[in-house]
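In what follows, a single structure is set out as structure tokens and then discussed.
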Amino acid sequence: MDFEHSDQFTQRVEQIIRNFLHIPKEGNSNWKELCQKLEQLQTQLVEAQLSILQYLKQSLEGIREELQCDLEGIEIQSLQKNITIKQSHEINNEDVKIFEQLNKIGQNVCEIEKGLENKIDLLNIKVEKIKINRDELHEQFKSFDARMESQWQGLANVSDQFWEFKKQFEQFMMGISRKKNSLFLAS
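For the sequence shown, the working numbering assigns the number 943 to the initial residue and increments by one for each residue that follows.
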């Protein structure tokens, strides 16, 4: 993997995360389904993390192989140059160039490691934000569920009061009807 294209790497990781996120739409009132979707989301996040780690592992293995090949070639050149230096006790421009290349490779490896650590930290932060958002969503669903339960209880109370009122009204109407009939019978 060429690290000059680290933006492509970041885009790839973000694409992996986006492909696995399936957040339920708002207004979905089926609590069990939402809990199942949250569990699926958590499973998908774990799968995404594994996929990202596998991708990073493969990328690092490729880099390691490239660096190992480069270092082996440089080590061979360096050993050959050291032998000739020891024999001739002279330092020439070729040796200086080789040592400069070794230093540059060492610096590049350090920069690559720092870049990878930063990207891994960013991914961990994004995953943590997703977990926090999931927890907040879970709390909102609990609150919504409690409000719905309260509203249903309120409706049940209103329904009970309505039926009680209906019974009283029917008794009242029967009393009026009796008085009405007794007035007509008395006249």
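Using N, Cα and C, we set each Cβ at its ideal position, and we do this for glycine too.
Looking at residue j and residue i, is the spacing between their C-beta atoms short of 8 Å?
{"i": "residue 1051", "j": "residue 1009", "result": "yes"}
{"i": "residue 991", "j": "residue 1100", "result": "no"}
{"i": "residue 1040", "j": "residue 1020", "result": "yes"}
{"i": "residue 1044", "j": "residue 1005", "result": "no"}
{"i": "residue 1036", "j": "residue 1023", "result": "yes"}
{"i": "residue 980", "j": "residue 1080", "result": "yes"}
Here's the rule: buried if 16 or more other CB atoms are within 10 angstroms of the residue's CB, otherwise exposed. What is residue i?
{"i": "residue 983", "result": "buried"}
{"i": "residue 994", "result": "buried"}
{"i": "residue 1125", "result": "exposed"}
{"i": "residue 1097", "result": "exposed"}
{"i": "residue 1117", "result": "exposed"}
{"i": "residue 1064", "result": "exposed"}
Between residue i and the ligand ZN, is there a pair consisting of the residue's CB and a ligand heavy atom that are separated by less than 7 Å?
{"i": "residue 1110", "result": "With respect to small molecules bound, the structure shown includes none, and the ligand ZN cannot be examined in it."}
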